[in-house]
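Peer 1:
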Amino acid sequence: ATSDQPSLVRAKAAYVATAIAEYFRDKGKKVLFMMDSVTRFARALREIGLAVGEPPARQGFTPSVFSTLPKLLERTGNSDKGSITAFYTILVEGDDMNEPVADEVRSILDGHIVMSRDLANQGHFPAIDVSQSVSRVMTNIVGEDHVFASRKLKEVVANYEKERDLILIGAYESGSNPAVDYAIEMIDDVNEFLKQGVNDKIDLLESVEQLINLFE
């Protein structure tokens, strides 16, 4: 349902789409489910709640929004018959990752990929902020070398960003912080690894190998 549809239609669209995904999962299928967006669904619930007299709560969202979100989102996942891998998009106001809907959804799902306006403005695509992006199940499904390399990459990005302003104006003194020195040394290679053209195709195993080789 598009944004110009009535709030009841926008809310029902999420339920119908999820029910279709559940149908195929119950048939033994492995379903990829993508919903754009949870924000539109939450706003529809807010309009419905306000119309029936609910009081506004967190930033104008009614209490029913936050009780309904887990009921919808938790319907995806694995069953004894099949699985649903779900991707939900969330639009945040003013790049505020702590706004109510984003904060609530982050607490429910198994991970999140945060897109950065600053990276996009720099021409860095995909514009993923790896420092804020998290997978809660990664350690259960990948090897120790992969986990170690991913943590080292995030450490390099975080240490560079912490001193980024000083580095760019030439005020950072080399040798004052070994972790930052290492980040400065590695940041170009890390950024090159994180970039990918829209038509570039890279095998998962090849990508993991490149990541591990960065920090050997």
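Take the sequence shown: its letters are residues 284 to 499, numbered as in the working numbering. By construction, the Cβ of each residue, glycine as well, lies at the ideal position given by its N, Cα and C atoms.
Skipping 5 residues on each side, what residues in its chain have a beta carbon closer than 8 Å to that of residue 445?
Peer 2: The sequence position of residue 445 within the sequence shown is 162, counting from 1. 463, listed in sequence order.
Peer 1: Take residue 358 and list the residues in its own chain whose beta-carbon comes closer than 7 Å to its own, dropping the five residues that flank it on each side.
Peer 2: What you label residue 358 is simply residue 75 of the sequence shown in a count that begins at 1. Within the same chain, residue 358 has close Cβ partners 301 and 305.
Peer 1: Taking Cβ to Cβ, would you say residue 297 is nearer than 9 Å to residue 318?
Peer 2: Position 14 of the sequence shown, counted from the first residue, corresponds to residue 297. Position 35 of the sequence shown, counted from the first residue, corresponds to residue 318. Cβ distance < 9 Å, so residue 297 and residue 318 count as in contact.
Peer 1: When the distance is taken between beta carbons, is residue 439 closer than 9 Å to residue 259?
Peer 2: Since the first residue shown for the chain is 284 and the last is 499, residue 259 is missing from the structure and cannot be characterised.
Peer 1: Whose CA, out of 327, 307 and 308, lies closest to the CA of residue 287?
Peer 2: Here the question's residue 287 lines up with position 4 in the sequence shown. Of the listed residues, the one whose Cα sits closest to residue 287 is 327.
Peer 1: Give the list of continuous alpha helix (DSSP H) stretches no shorter than 4 residues that lie fully inside the region 399-441.
Peer 2: Within the region 399-441, the complete alpha helix (DSSP H) runs of at least 4 residues are 400-404 and 421-424.
Peer 1: Three Cβ pairs or more, each shorter than 8 Å: is that satisfied between the region 403-418 and the region 428-442?
Peer 2: Because the criterion of three Cβ pairs below 8 Å is met, the region 403-418 and the region 428-442 touch.
Peer 1: Looking at C-beta atoms only, is the number of pairs between the region 393-407 and the region 338-352 that lie closer than 8 Å three or more?
Peer 2: These segments do not touch.
Peer 1: What are the start and end residues of the beta strand (DSSP E) that includes residue 371?
Peer 2: Here residue 371 is taken as the residue at index 88 of the sequence shown, counted from 1. Counting along the chain, the beta strand (DSSP E) containing residue 371 begins and ends at 366-371.
Peer 1: My assumption, with CB atoms under 8 Å, is that residue 322 sits in contact with residue 373. Please give the rounded CB distance.
Peer 2: Within the sequence shown, residue 322 is the residue found at index 39, counting from 1. Within the sequence shown, residue 373 is the residue found at index 90, counting from 1. 5 Å between Cβ atoms; contact.
Peer 1: Report the partner residues of residue 317 according to the DSSP bridge assignment.
Peer 2: To locate residue 317, count along the sequence shown from 1; it is residue 34. Note: residue 317 sits in a beta bridge opposite 370.
Peer 1: Assign residue 453 to one of three DSSP states: helix, strand, or coil.
Peer 2: In the sequence shown, residue 453 corresponds to position 170, counting from 1. Residue 453: coil per DSSP, three-state reduction.
Peer 1: If we count the other Cβ atoms within 10 Å of its Cβ and call it buried at 16 or more, is residue 331 buried or exposed?
Peer 2: Your numbering for residue 331 matches position 48 in the sequence shown. When all chains shown are included, residue 331 counts as buried.
Peer 1: Span of the alpha helix (DSSP H) holding residue 391?
Peer 2: Walking along the sequence shown from the start, residue 391 turns up at place 108. Element bounds for residue 391: 383-391.
Peer 1: Count the other CB atoms, across all protein chains shown, that sit within 10 Å of the CB of residue 362; report buried if there are 16 or more and exposed otherwise.
Peer 2: On the sequence shown, residue 362 is found 79 positions in, with the first residue counted as 1. Looking at its Cβ environment, which holds fewer than 16 other Cβ atoms inside 10 Å, residue 362 is exposed.
Peer 1: Per DSSP, what are the beta-bridge partners of residue 361 in this structure?
Peer 2: Locating residue 361 in the sequence shown gives position 78, where the first residue counts as 1. Residue 361 is bridged to 366.
Peer 1: Name the two residues that bound the continuous alpha helix (DSSP H) containing residue 290.
Peer 2: Numbered from 1 along the sequence shown, position 7 holds the residue referred to as residue 290. Taken as a continuous stretch (DSSP letters only), the alpha helix (DSSP H) holding residue 290 covers 290-309.
Peer 1: When we look at the beta-carbon of residue 400 and count the other beta-carbons within 10 Å, is it buried (16 or more) or exposed?
Peer 2: Residue numbering aside, residue 400 sits at position 117 when the sequence shown is read from its first letter. Flag for residue 400 reads exposed.
Peer 1: Is the CB-CB distance between residue 308 and residue 299 below 9 Å?
Peer 2: Along the sequence shown, read from residue 1 onward, the residue named residue 308 stands at position 25. Along the sequence shown, read from residue 1 onward, the residue named residue 299 stands at position 16. No, Cβ-Cβ distance for residue 308 and residue 299 is not below 9 Å.
Peer 1: Spell out the partners DSSP gives residue 394 in its beta bridges.
Peer 2: Within the sequence shown, residue 394 is the residue found at index 111, counting from 1. According to DSSP, which records beta bridges pairwise, residue 394 is partnered with 418.
Peer 1: Looking only at its own chain, which residues have a Cβ that is under 7 Å from the Cβ of residue 375, when we skip the five neighbours before and after it?
Peer 2: As a position in the sequence shown, residue 375 is number 92, starting the count at 1. Around residue 375: 382 and 385.
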